[in-house]
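Structure first, then comments.
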Amino acid sequence: MTYCSIVTWEKGHVRAAVVELSEGVAELMGVAAAPVHGISRTSHPDLDRWVAGCEQALTQAEDMTAGISGRKVVPDDVIMSIPTEVTHSLPVVVSKRRRDADIGCSLEELRALLQRGYRQAQDEVGLRARQANEDIVHGSLTEVALDGQMANHPLGLRGEQIEVRMSFALAPLEWIRALEIVAERLELALAAIVPQNVTYASPLADPEAQLILLDEHHTSLNVIRHGRLKWSALVEIGEREITGTTAETLGLRGRQADALMRAYRAGQLREDVELQVARAFWSELRRWMTALAAEMKKGADGAFAPSRIYFADMTRRISEAYQSLETPFWEQSLPFERCPEVIEFGVNTVRDVLDCTGQANGPAFLSLRALAHYVAQLCAPHNELDRALMEIVRGRHVSSLKRAR
């Protein structure tokens, strides 16, 4: 059996799990959470509190494994996911003409192209290093094409021209070093740092899909192909901006704004006030959808036509956002010939994750389950290229996760 610890850093909490990995399936053997504040792009890491919270969550998760597996499982490796908002993507394309088109592509040949793509990304990061204290934290292999034809599993395939597309994630050096220190103090090997939108993409096997993640102060837009993140962007409108601006039409802010929205949803307002709030609310939802559609036009190439749009309200406070994506206004705003089906992204979307604890089925554990799915796929037998790129970025071997202490 292969075991690994996983940790997600979320607003207000750090969540941890001990997972057993086998043939692309993850079993949650222990889960726990601990309160941790200051996890956002506007806050600086508080190392002492982060270490204490992470240690508490991991210890509780490890203790839980004894009742499930018959012995306490303490993995040596940990994979952490970080909020999408503190990262941004850098797409890279490399290609070459192969010497012998009749010989199948080897792992060494493709690994050399991955290494070249990483060096190209490093060069681009180096050009702007003086302006931004950030570095590459993760790499995703998005597409491989042989003679213009997409190849989901290119090993052994023949062709004359090969093209590899990758998406690298950049994060602040302050965050990267903070997570490394947390792992060091807990005597764990930090195998990988993964942006949360990459883990959310993992369960989506559609040939082409769009993923929309609505958070408090921003919305993450993501283009997904076969479970891999191809492109992403942040729109600076979130749940707080939508409901806050709605309440401002009546001169209310802060807690008064929250109280107004609760009363509106409960049908407790006077008819004239309810109508005023409804008009302002719909206006803000339209502004949000217009901003999303405009950003989609920037990131969607001519061939991109998703059959589905997956949506998740990460705040779990604005159900009207999902409903607005089923309106004619949204359909007319999209840059596609036909309107994709809108599907709510939730715990049930994340398959191949078995919860042996019975405690990780609620929406609060969506990020943790998505990370477990990503790690299971990463360590699956067919994923040599994804592991190779991870090893290149992190400079160590994630393919040989230790069994456990």
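Under the numbering used here, the residues of the sequence shown are numbered 6 to 410, in order. Quick reminder that beta carbons are idealized off the backbone N, C-alpha and C, glycines included. Note that the structure is predicted; figures quoted are calculated from it, not measured.
Distance between residue j and residue i (C-alpha atoms, nearest Å)
| i | j | result |
| --- | --- | --- |
| Pro200 | Thr89 | 5 Å |
| Arg410 | His18 | Residue placement at Arg410 is poorly supported in this model, since its pLDDT is 47, which falls under 50; the coordinates still yield a value, given next. Rounded to whole angstroms, Arg410 to His18 spans 26 Å at the Cα level. |
| Trp388 | Gln382 | Looking at the sequence provided, one finds Asn at residue 388 rather than Trp. The alpha-carbon atoms of Asn388 and Gln382 are separated by roughly 7 Å. |
| Lys101 | Glu148 | 15 Å |
| Ala39 | Ile141 | 28 Å |
| Ala375 | Ser111 | 30 Å |
| Val130 | Met319 | 30 Å |
| Glu213 | Ala310 | 7 Å |
| Ile323 | Ala21 | 27 Å |
| Gly272 | Met171 | 49 Å |
| Thr362 | Glu67 | 12 Å |
| Leu160 | Ile217 | 32 Å |
| Glu15 | Val98 | 32 Å |
| Ala197 | Glu325 | 36 Å |
| Ser27 | Ala150 | 29 Å |
| Leu195 | Met85 | 8 Å |
| Ala385 | Asn157 | 15 Å |
| Glu253 | Ser10 | 45 Å |
With 16 other Cβ atoms within 10 Å as the buried cut-off, status of residue i
| i | result |
| --- | --- |
| Leu164 | The question names Leu, but residue 164 in the sequence shown is Gly. Buried, by the Cβ-count rule. |
| Glu425 | Residue coverage of the chain in this structure runs from 6 to 410, which leaves residue 425 outside it and unanswerable. |
| His42 | exposed |
| Pro50 | buried |
| Pro345 | buried |
| Ser372 | buried |
| Ile108 | exposed |
| His143 | buried |
Neighbour flag for residue i against chain D, beta carbons, 8 Å
| i | result |
| --- | --- |
| Glu246 | Going by chain labels, chain D is absent from the structure shown, which holds only one protein chain. |
Delimiting residues of the alpha helix (DSSP H) encompassing residue i
| i | result |
| --- | --- |
| Arg392 | Glu389 to Arg399 |
| Ile73 | Leu52 to Ser74 |
| Ile229 | Premise fails: Ile229 lies in the beta strand (DSSP E), Thr224 to Arg230, not in any alpha helix (DSSP H). |
| Gln364 | Per DSSP, Gln364 belongs to no alpha helix (DSSP H) and is neither H nor E. |
| His378 | Leu371 to Leu383 |
| Glu253 | Glu244 to Glu253 |
| Ala188 | Leu178 to Arg190 |
Terminal residues of the beta strand (DSSP E) in which residue i lies
| i | result |
| --- | --- |
| Lys235 | Arg233 to Val240 |
| Gly161 | Run containing Gly161: none; DSSP gives neither H nor E here. |
| Ala262 | Note, Ala262: premise wrong, no beta strand (DSSP E); alpha helix (DSSP H) at Gly259 to Arg270. |
| Gln337 | First-last for Gln337: Pro333 to Ser338, but that is the alpha helix (DSSP H), not the beta strand (DSSP E). |
| Val199 | Ala194 to Pro200 |
| Gly35 | Val30 to Pro40 |
Meets three-Cβ-pair contact criterion under 8 Å: the stretch 322-342 and the stretch 280-291: yes
Runs of alpha helix (DSSP H) lying entirely within the stretch 80-155, each at least 4 residues, in chain order: 112-132
Stretch-stretch touch, CB-based, cutoff 8 Å, three pairs: the stretch 224-241 with the stretch 255-272: Contact between the stretch 224-241 and the stretch 255-272 is absent, because fewer than three Cβ pairs lie under 8 Å.
Cβ contact check for the stretch 360-378 and the stretch 201-217: 3 or more pairs under 8 Å: Output reads yes: the stretch 201-217 touches the stretch 360-378.
The stretch 66-73 in contact with the stretch 29-36 per 3-pair CB rule at 8 Å: Touching, per the Cβ criterion.
At least 3 beta-carbon pairs within less than 8 Å: the stretch 165-181 vs the stretch 89-98: A contact exists between the stretch 165-181 and the stretch 89-98.
Start-end ranges of the beta strand (DSSP E) lying completely within the stretch 278-352, minimum 3 residues: 313-318 and 346-349
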